[in-house]
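Residue numbers (the numbering used here): 1 to 232. The beta carbon of each residue, even a glycine, is placed where N, CA and C say it ideally should be. Values in this document were obtained by computation on a predicted structure and should not be read as measured data. See structure below.
Structure, rendered in structure tokens:
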């Protein structure tokens, strides 16, 4: 049974191998959870969409599903919300995984909808993430991200002291994150930031400006500590 289940999981993750310490009761319970996730994924047929092996946790919700596209084996944890109130929608690549209680929200505005959210192939994001897409958010292939990650590609204007901030509108530049990045838990990335490929961002960092490929970044506000070639 373990061999058969391993082959099924390898359809999504070819490098997967069960650890020798995994017992049969653990395996049965785990596979039961996965089976129910696949079963819930079938409900997207109601939107006339192909689930492509989608796995959904409990109480997953979609807003404007016609604006959401996905590749093979999308996995959304319990209570994830995806909203494509936007100009260019939400796009998930192959083998994307989003942790429980996360929010993928391009926009909440009916008079100024946001741009888009695009996640590349093999992107994994932990629980309680918030991904906004007002000015556009792009995350490249093979990125791994810890819990409580947040991206905010939008800023409120506040220059006029005679008008309340909420009536001064917003500015949007967008956020772009390259491929093969490792982003720690509780990292916040603000509007206008571009992160190069191969970067590592320390847990708890607040990233307010852009960094080149293979940078190791940390702090509040974040600064470059060194690169992955160990140069200061």
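- Sequence-distant partners of residue 220 (beyond 5 residues in either direction) whose C-beta falls short of 6 Å from its own C-beta, in its chain, are 206.
- Bridge pairing for residue 63: 83 [DSSP].
- Under the 10 Å beta carbon count, residue 54 is surrounded by 16 or more other beta carbons and is classified as buried.
- Note that the stretch 186-203 touches the stretch 136-150; at least 3 beta-carbon pairs, one per stretch, sit closer than 8 Å.
- Counting along the chain, no alpha helix (DSSP H) covers residue 123, and no H or E run does either.
- A residue is called buried when at least 16 other Cβ atoms come within 10 angstroms of its Cβ; residue 20 does not meet this threshold and is exposed.
- Distances from the alpha-carbon of residue 175 to those of 210, 158, 182, 87 put 210 closest.
- Rounded to whole angstroms, residue 8 and residue 31 show a C-alpha spacing of 10 Å.
- Secondary-structure assignment with DSSP links residue 138 through a beta bridge to 118, 176.
- Here residue 116 is buried, its C-beta having at least 16 other C-beta atoms within 10 Å.
- Residue 164 places its beta carbon 8 Å or farther from that of residue 125.
- Secondary structure within the stretch 154-205: the beta strand (DSSP E) runs of 3 or more consecutive residues, fully enclosed, are 175-177, 188-190 (chain order).
- The residue from 95, 172, 156 with its alpha-carbon nearest to that of residue 166 is 156.
- In this structure, residue 177 lies away from residue 200, with their beta-carbon atoms at least 8 Å apart.
- Residue 69 carries a strand assignment under DSSP once its states are collapsed to helix, strand and coil.
- DSSP places residue 224 in no alpha helix (DSSP H) but in the uninterrupted beta strand (DSSP E) bounded by 222-227.
- Of the residues 190, 40, 14, 28, the one whose Cα lies closest to the Cα of residue 76 is 40.
- Residue state for residue 130 is assigned as strand, using DSSP reduced to three classes.
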